[in-house]
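*Asks:* Protein sequences, first through last, are from chains A and B. For the first sequence, the residue numbers in the numbering used here are 15 to 284. For the second sequence, the residue numbers in the numbering used here are 15 to 284. Glycine included, C-beta positions come from ideal geometry on N, C-alpha and C.
Number of protein chains: 2
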Amino acid sequence: MRIGVLHPGKMGSTVAASFAAAGHEVAWASEDRSDATVARAAGLIDSGSLSALCDSSRLVVSVCPPHAAVAVARAVAATGFDGTYLDANAVAPATVAAVGTVVGDLVDGSIIGPPAREPGTTRMYLSGEGAPDLAEALNGGPLEVRAIEAPVGAASALKMAYAGWTKGSAALLLAIAGYAEAAGVRDALAAEWHESIPGLTDRVERTSRGVGPKAWRFAGEMREIAASLASEGLPDGFHLAAADLYEHLSGFKDAYPGPELDDVLRELLD
Amino acid sequence: MRIGVLHPGKMGSTVAASFAAAGHEVAWASEDRSDATVARAAGLIDSGSLSALCDSSRLVVSVCPPHAAVAVARAVAATGFDGTYLDANAVAPATVAAVGTVVGDLVDGSIIGPPAREPGTTRMYLSGEGAPDLAEALNGGPLEVRAIEAPVGAASALKMAYAGWTKGSAALLLAIAGYAEAAGVRDALAAEWHESIPGLTDRVERTSRGVGPKAWRFAGEMREIAASLASEGLPDGFHLAAADLYEHLSGFKDAYPGPELDDVLRELLD
Chain A
15 MRIGVLHPGK
25 MGSTVAASFA
35 AAGHEVAWAS
45 EDRSDATVAR
55 AAGLIDSGSL
65 SALCDSSRLV
75 VSVCPPHAAV
85 AVARAVAATG
95 FDGTYLDANA
105 VAPATVAAVG
115 TVVGDLVDGS
125 IIGPPAREPG
135 TTRMYLSGEG
145 APDLAEALNG
155 GPLEVRAIEA
165 PVGAASALKM
175 AYAGWTKGSA
185 ALLLAIAGYA
195 EAAGVRDALA
205 AEWHESIPGL
215 TDRVERTSRG
225 VGPKAWRFAG
235 EMREIAASLA
245 SEGLPDGFHL
255 AAADLYEHLS
265 GFKDAYPGPE
275 LDDVLRELLD
Chain B
15 MRIGVLHPGK
25 MGSTVAASFA
35 AAGHEVAWAS
45 EDRSDATVAR
55 AAGLIDSGSL
65 SALCDSSRLV
75 VSVCPPHAAV
85 AVARAVAATG
95 FDGTYLDANA
105 VAPATVAAVG
115 TVVGDLVDGS
125 IIGPPAREPG
135 TTRMYLSGEG
145 APDLAEALNG
155 GPLEVRAIEA
165 PVGAASALKM
175 AYAGWTKGSA
185 ALLLAIAGYA
195 EAAGVRDALA
205 AEWHESIPGL
215 TDRVERTSRG
225 VGPKAWRFAG
235 EMREIAASLA
245 SEGLPDGFHL
255 AAADLYEHLS
265 GFKDAYPGPE
275 LDDVLRELLD
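1. Would you decide whether B/G136 is buried or exposed? Buried here means 16 or more other CB atoms lie within 10 Å of its CB.
2. Would you list, in chain order, the members of the region 179-205 of chain A that have their beta-carbon closer than 7 Å to a beta-carbon of chain B?
3. Could you tell me the alpha carbon to alpha carbon distance between B/A164 and A/T51, rounded to whole angstroms?
4. Using CA coordinates, which residue listed in A/L187, A/D60, A/P146 and A/P156 is at the minimum distance from A/L279?
5. Would you say B/G154 and B/L140 are within 8 Å of each other, going by their C-beta atoms?
6. Mind checking which residues open and close the alpha helix (DSSP H) that includes B/E158?
7. Just the chain A side, please: which residues come within less than 9 Å of B/M25 by C-beta, in chain order?
8. Considering A/D119, what are the terminal residues of the beta strand (DSSP E) in which it resides?
9. If you measure beta-carbon to beta-carbon, which residues of the region 91-105 of chain B are closer than 8 Å to chain A?
10. Could one say the Cβ of A/S32 lies closer than 8 Å to chain B's Cβ atoms, at least one of them?
11. Please report the distance separating the alpha-carbon of A/A255 from that of A/A202.
12. Check for me: the beta strand (DSSP E) holding B/Y270 runs from which residue to which?
13. Taking Cβ-Cβ distances shorter than 9 Å, what residues in chain B pair up with A/I126?
14. Skipping 5 residues on each side, what residues in its chain have a beta carbon closer than 7 Å to that of B/E281?
15. Using a beta-carbon distance cut-off of less than 8 Å, what residues from the region 147-176 of chain B approach chain A?
16. From B/D46, B/A112, B/L64 and B/S76, pick the residue whose C-alpha is nearest to that of B/A30; which is it?
17. If I follow the unbroken alpha helix (DSSP H) through A/L248, where does it start and stop?
18. Please identify, using Cβ separations under 8 Å, the residues of the region 230-244 of chain A that lie next to chain B, in order along the chain.
19. Short of 6 Å in beta carbon distance, which residues of its chain neighbour B/A257, apart from the five on each side in sequence? Order them along the chain.
20. Given B/A184, which residues of its chain have a CB within under 6 Å of its CB, disregarding the five upstream and five downstream residues?
21. Of all the residues that make up the region 251-284 of chain A, which are near chain B by a beta-carbon distance shorter than 7 Å?
22. According to the neighbour-count rule (16 or more other Cβ atoms, all chains shown, within 10 Å of its Cβ), is A/R200 buried or exposed?
23. Return the first residue and the last residue of the beta strand (DSSP E) that B/E39 is part of.
24. Starting from the beta carbon of B/G247, find every residue of chain A whose beta carbon is closer than 8 Å, and list them in chain order.
25. Do the CB positions of B/G97 and B/V74 come within less than 8 Å of each other?
26. Please go through the region 49-125 of chain B and give each complete beta strand (DSSP E) segment of 3 or more residues, from N-terminal end onward.
27. Count the other CB atoms within 10 Å of the CB of A/P285; is the residue buried (16 or more) or exposed (fewer)?
28. For the alpha helix (DSSP H) containing B/M25, list its first residue and its last residue.
29. Three Cβ pairs or more, each shorter than 8 Å: is that satisfied between the region 33-46 of chain A and the region 54-61 of chain A?
30. May I ask which residues mark the beginning and end of the alpha helix (DSSP H) holding B/R220?
31. Quick check: B/A106 and B/A241, are their CB atoms within less than 8 Å of each other?
32. Going by beta carbon distance, what residues of the same chain come within less than 6 Å of A/I239, once the five residues before and after it are set aside?
33. Of all the options B/P227, B/G198, B/A191 and B/A196, which has the alpha carbon lying nearest to the alpha carbon of B/R217?
34. State the beta-bridge partners of B/M138 as determined by DSSP.
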């Protein structure tokens, strides 16, 4: 089938390539997109405008920053699109429900893992009525697509829980490292960790280099997770604090190599 | 020397026994204490009243719940005590500073590890002017006493950083497990963790059993950590959320064996 991908960013371009490898025609819309996106979309069919993309696609897949998920859905609905809309973003179930009021035929999705350049690293979860059939159709490339037998919202909830731990604990660890630095006990903490939690000092340094360049886009996801926990009567403070922390690190956007811990701590304590 | 320990709880009784093993006379005050404390203090000298304990001790060691730290120091100061006061509690540096305005000769302390029943498991950190000499005097039993060459506040800051990670991340993990349960994705999350974060499902279950019985006394410590981070301009939300979560689990106080995950999640989502 013809699939439209919005937008082929670092993750989305590998999703598009995987669907192409599975035998589909994959298109995108170059209108108003950055040079970096143009470069990443090489090999995809360029439909030009969003309207042309939606007219020619049976499935439209949204892979965008969490804060943009509803706006992207609205823009697609405004073209009169009447195919299946797959929202694959890291958003709260309530946000997916809002997307569902905008588009007609919605499948909920989420992605766990790094950009899917090789098999075995990355999974796309789908939920909702059409999920099992769609999963079968989309498998075949490096991205493994799995259906959860559950309504719209479940695939997103899974992502909230998963990233709630991985990115939430990464933020907590950086906050603790920042506190130890500020309070003058960084060496004493490293010595104690060395004995009782071996590997944690290395993990802080890896977290700094790994998370630093991506922190700019984590804040929105942390807020979606905070809202998700709050909607179930659980405390939202962990992830609101994480959002705050990641915002402080937005200056490391796309830094390569990732920032050293000293640089991250300097930003946090600035 | 004669050392007074306030109060020989689960941790304090092993601290007292360790100082006795190091060759000191260790006393306590049975007045107004529970039967459980009386049982744990077997083998220590009973001075009867706090006043008699302080009159006869050159060092008084406070090992109590964080919220009681300043009140215990005030009660000791009210006896006219003029020896060295060691505050070994899990409190913020600002709380230790408040203790320092109440007692004359203060050494800051903190304890990392379980009750010190055998060598190698548990360390007491000391900071402040008298810390190196005091550490030397107190070593010899199963509790290892280490001086940090830093002012009053550093030993407490080290504890805030250490427990900020261990107990903060435990709370985050339980919150995430609670969310997955509430959102109906617990099995899907366990399957994803099994592949990408092996061991994490086991860790949640261990955390439930290990933390459940102690959660009742963690809330105060989490608030001290939140205040510590805030005092350095870092977000306090992680540990305020953790305090909230641990309060929900206070009904498992001293449960043996510790509660199963299902029971913990039921309390969290009640």
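*Replies:* With the given structure in hand:
1. Position 122 of the second sequence, counting from 1, holds the residue named residue 136 of chain B. Contrary to the premise, residue 136 of chain B reads as Thr rather than Gly in this sequence. By the neighbour-count criterion, in which a residue is buried when 16 or more other Cβ atoms sit within 10 angstroms of its Cβ, B/T136 is buried.
2. Those would be W179, G182, S183, L186, L187, A189, I190, G192, Y193, A194, A196, A197, G198, V199, A202 and L203, in chain order.
3. Against the second sequence, residue 164 of chain B aligns to sequence position 150. Against the first sequence, residue 51 of chain A aligns to sequence position 37. Computed Cα separation, rounded: 52 Å.
4. Residue numbering aside, residue 279 of chain A sits at position 265 when the first sequence is read from its first letter. Among A/L187, A/D60, A/P146 and A/P156, the Cα nearest to that of A/L279 is on A/L187.
5. To locate residue 154 of chain B, count along the second sequence from 1; it is residue 140. To locate residue 140 of chain B, count along the second sequence from 1; it is residue 126. Contact: no.
6. Numbered from its first residue, the second sequence carries residue 158 of chain B at position 144. Taken as a continuous stretch (DSSP letters only), B/E158 belongs to no alpha helix (DSSP H), being part of the beta strand (DSSP E) at E158 to A161.
7. In the second sequence, residue 25 of chain B corresponds to position 11, counting from 1. Neighbours of B/M25 on chain A: none; closest Cβ ~16 Å, over 9 Å.
8. Locating residue 119 of chain A in the first sequence gives position 105, counting from the first residue. Start and end: D119 to I126.
9. Close to chain A, meaning a Cβ-Cβ distance shorter than 8 Å, is no residue of the region 91-105 of chain B at all.
10. Locating residue 32 of chain A in the first sequence gives position 18, counting from the first residue. Taking a beta-carbon distance threshold of 8 Å, A/S32 does not count as an interface residue toward chain B.
11. Walking along the first sequence from the start, residue 255 of chain A turns up at place 241. Walking along the first sequence from the start, residue 202 of chain A turns up at place 188. Whole-angstrom Cα-Cα distance: 25 Å.
12. As a first step, residue 270 of chain B must be located in the second sequence, where it is residue number 256. Per DSSP, B/Y270 lies in no beta strand (DSSP E) and is assigned neither H nor E.
13. Taking the first sequence and counting its residues from 1, the one referred to as residue 126 of chain A is at position 112. Going along chain B in sequence order, the residues near A/I126 (Cβ under 9 Å) are E206 and S210.
14. Stepping through the second sequence from its first residue, residue 281 of chain B is reached at position 267. Cβ within range, chain order: H262, L263 and G265.
15. Flagged, chain order: I162, A164, G167, A168, A171, L172, M174, A175 and Y176.
16. Residue mapping note: residue 30 of chain B aligns to position 16 of the second sequence, counting from 1. Shortest Cα-Cα distance from B/A30 to any of B/D46, B/A112, B/L64 and B/S76 involves B/S76.
17. Within the first sequence, the letter at position 234 stands for residue 248 of chain A. Premise fails: A/L248 is in no alpha helix (DSSP H) and is neither H nor E.
18. Correct list: S242 and L243.
19. The residue you call residue 257 of chain B lines up with position 243 of the second sequence. Answer for B/A257: A233, M236 and R237, listed in chain order.
20. Sequence index remark: in the second sequence, residue 184 of chain B carries index 170 (1-based). For B/A184, the CB contacts under 6 Å within the same chain, skipping 5 residues up- and downstream, are T221 and V225 in chain order.
21. For the region 251-284 of chain A, the residues whose beta carbon sits under 7 Å from a beta carbon of chain B are, in order, G251, F252, L254, A255, D258, L259, L282 and L283.
22. Here residue 200 of chain A refers to the residue found at position 186 of the first sequence. The residue is buried, with at least 16 neighbouring Cβ atoms inside 10 Å.
23. Counting from one through the second sequence, the residue named residue 39 of chain B turns up at place 25. E39 to W42 is the extent of the beta strand (DSSP E) around B/E39.
24. Position 233 of the second sequence, counted from the first residue, corresponds to residue 247 of chain B. Those within 8 Å of B/G247 in chain A are A196 and L283.
25. To locate residue 97 of chain B, count along the second sequence from 1; it is residue 83. To locate residue 74 of chain B, count along the second sequence from 1; it is residue 60. For B/G97 and B/V74, yes; Cβs fall inside 8 Å.
26. The region 49-125 of chain B contains these whole beta strand (DSSP E) runs: 73-76 and 98-101.
27. This structure cannot settle anything about residue 285 of chain A, because the visible part of chain A is limited to 15 through 284.
28. Working through the second sequence from its first residue, we reach residue 25 of chain B at position 11. In the DSSP annotation of this structure, the continuous segment of the alpha helix (DSSP H) that includes B/M25 starts and ends at K24 to A35.
29. Touching, per the Cβ criterion.
30. One-based indexing of the second sequence puts residue 220 of chain B at position 206. In the DSSP assignment, B/R220 falls within the unbroken alpha helix (DSSP H) covering L214 to V225.
31. What you label residue 106 of chain B is simply residue 92 of the second sequence in a count that begins at 1. What you label residue 241 of chain B is simply residue 227 of the second sequence in a count that begins at 1. Cβ atoms of B/A106 and B/A241: closer than 8 Å.
32. Taking the first residue of the first sequence as position 1, residue 239 of chain A is located at position 225. Contacts found: M174, G178 and H253.
33. Here the question's residue 217 of chain B lines up with position 203 in the second sequence. Checked all of B/P227, B/G198, B/A191 and B/A196; the closest Cα to B/R217 is B/A191.
34. Locating residue 138 of chain B in the second sequence gives position 124, where the first residue counts as 1. For B/M138, which the question treats as bridged, DSSP gives the partners B/I125 and B/V159.
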